[in-house]
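K.L.:
For the sequence shown, the residue numbers in this note's numbering are 3 to 68. The C-beta atom is built at its ideal place from N, Cα and C for all residues, glycine as well.
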Amino acid sequence: MSATANLRSTQAASLEVGLTKACVQVENLTPSVLARAFAGQLVPQNPADEPAAVLLEKVRPTRSGK
């Protein structure tokens, strides 16, 4: 029984170390992903998308009516 308990304890410690490393990686990755998203670097630009200025002109009349 003691060998099984030791094995489980070792496995639990190993899992804890792995989880801690994964959490640190997520914390480091999140700002990077957000920065790339706001810079438009996550996906290629779709040439069929209209420019932001055109979209804003469409939205302005709707917002000014409020």
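1. For Val61 and Ala14, what's the separation of their Cα atoms in angstroms?
2. Specify, as a first and last residue, the run of the alpha helix (DSSP H) that Ala5 falls within.
3. Tell me whether Glu52 sits in a helix, a strand or coil according to DSSP, three-state version.
P.N.:
On the basis of the supplied data:
1. Just so you know, the alpha carbons of Val61 and Ala14 end up roughly 55 Å apart.
2. Its alpha helix (DSSP H) spans residues 4 to 40.
3. Coil at Glu52, not helix or strand.
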